[in-house]
Structure formats: C-alpha cells, structure tokens
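Peer 1: I have a structure here, written as structure tokens, and I will follow up with some questions on it.
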Amino acid sequence: MASISDSWVTWPERESTSVQAIWPFWTRKDEQAWSIPKGELEAEDPLEAAKRELTEETGAVVKGPVLPLAPVKQPSGKTVHAFAVEQDFDLSAFRSNTFSIEWPPRSGRQQEYPEVDRVAWFPIDEARLKIQRGQAALLDQLLQILGIGRNP
351 MASISDSWVT
361 WPERESTSVQ
371 AIWPFWTRKD
381 EQAWSIPKGE
391 LEAEDPLEAA
401 KRELTEETGA
411 VVKGPVLPLA
421 PVKQPSGKTV
431 HAFAVEQDFD
441 LSAFRSNTFS
451 IEWPPRSGRQ
461 QEYPEVDRVA
471 WFPIDEARLK
481 IQRGQAALLD
491 QLLQILGIGR
501 NP
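End of the sequence shown sits at 502 in this note's numbering; the numbers just go up one at a time, nothing left out.
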C-alpha cells in the first residue's frame, strides 16, 4: 500500500504570486530540494493532520479559510493530500520540531536535529525551480483556483 501524506501550500495575504516552502535539514542542494510543509498521515482527518504538521514543522497555526487541493502522487509513490491557505506567517517566529538520530553512525550516541532548517516565501516562478518535482502540480492547482495563468 502506498504511503499517504498531508501538506500545505500557503501564500501571503495581499500577494497571491508567492508561496511558502521549507528547506529540510538533511539536504545539501537548493533546486528541487525545498518542500511544502508535510508529514505522514496518521489515523486522523487529513486536514487536521496537515494543520498539526504545519505547526510542528514551522510553528505556524492556520487561521484562515482552507482550500483543498487535489491529491498528487509523488515519484516515490507517496500520495500527498494538500490544502492551501491565504495567511501571513511571520517567518521570524519560525521554529521546527526535532528528530533524534544516531550520529556519527554506529557511535551509540543520539543527536537531536531540527526537522526543518529554513522557511521562506518564494515567487511562484522561483518556487517552481526550488520545490520538489512531485509537488509542482500543487502550485499549478493553486494558480488555477486563484484564476492566475501559469507563468511560462
């Protein structure tokens, strides 16, 4: 059975041509490395799971009306259920949850690291270059919902 994830596409109020993305701690590249906030769907409603993941990964809390987006299948086979919200998030208040991993490997020593290293707003064209390939369709859906033509 394919795994299922929930996620968010967010855009700032009064500016429908930018979206928020997060940069995972583990990556060393920039293009196609950024992601929308997302996580594994547990035994819960996808919207509630998405709200939980956004707060865990960024510290942000959804307050506005939510737009459901059509699920997209990632190259890994994972299906992502996404939602969009028009809301300003104060990036200076960003905080991420942490995960524990044995580091260095086979050392027996556990280290704590943030799950997300950075969060940023990107114009749609730049977001399309930075976001993971399998998530670009979510940007297209948002533009369609907002009545904004896709930029070449």
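Ideal Cβ placement from N, Cα and C applies to all residues, glycine included. All values reported here derive from a predicted model rather than from experimental measurement.
#1: Going straight from the alpha carbon of A434 to that of N447, what length do you get?
#2: With H, G and I counted as helix, E and B as strand and the rest as coil, what does DSSP make of L417?
#3: Taking the alpha-carbon positions, what's the E462 to E452 distance?
#4: With a cut-off of 8 Å on the beta carbons, I'd call E403 and K388 a contact; round off their distance for me.
#5: Counting only runs of 4+ residues fully inside the stretch 418-496, write out the alpha helix (DSSP H) ranges in chain order.
#6: Between which two residues does the alpha helix (DSSP H) harbouring E403 extend?
#7: Measuring alpha carbon to alpha carbon, tell me which residue in V469, S457, T429 is nearest S442.
#8: Locate the beta strand (DSSP E) running through K379, then write down its first and last residues.
#9: Classify Q482: buried if its beta carbon has 16 or more other beta carbons within 10 angstroms, exposed otherwise.
#10: Exposed or buried, what is Q485 when buried is set at 16 or more other beta-carbons lying within 10 Å of its beta-carbon?
#11: For the beta strand (DSSP E) holding S390, just list the boundary residues, first then last.
#12: Short of 7 Å in beta carbon distance, which residues of its chain neighbour Q491, apart from the five on each side in sequence? Order them along the chain.
Peer 2: By the coordinates alone:
#1: 22 Å
#2: strand
#3: 9 Å
#4: 6 Å
#5: As far as the stretch 418-496 is concerned, its whole alpha helix (DSSP H) runs of at least 4 residues are 474-480, 486-496.
#6: 396-408
#7: V469
#8: Run containing K379: none; DSSP gives neither H nor E here.
#9: Looking at its Cβ environment, which holds 16 or more other Cβ atoms inside 10 Å, Q482 is buried.
#10: Buried.
#11: It should be noted that the sequence gives Glu, not Ser, for residue 390. Residues 388-390.
#12: L419, A420
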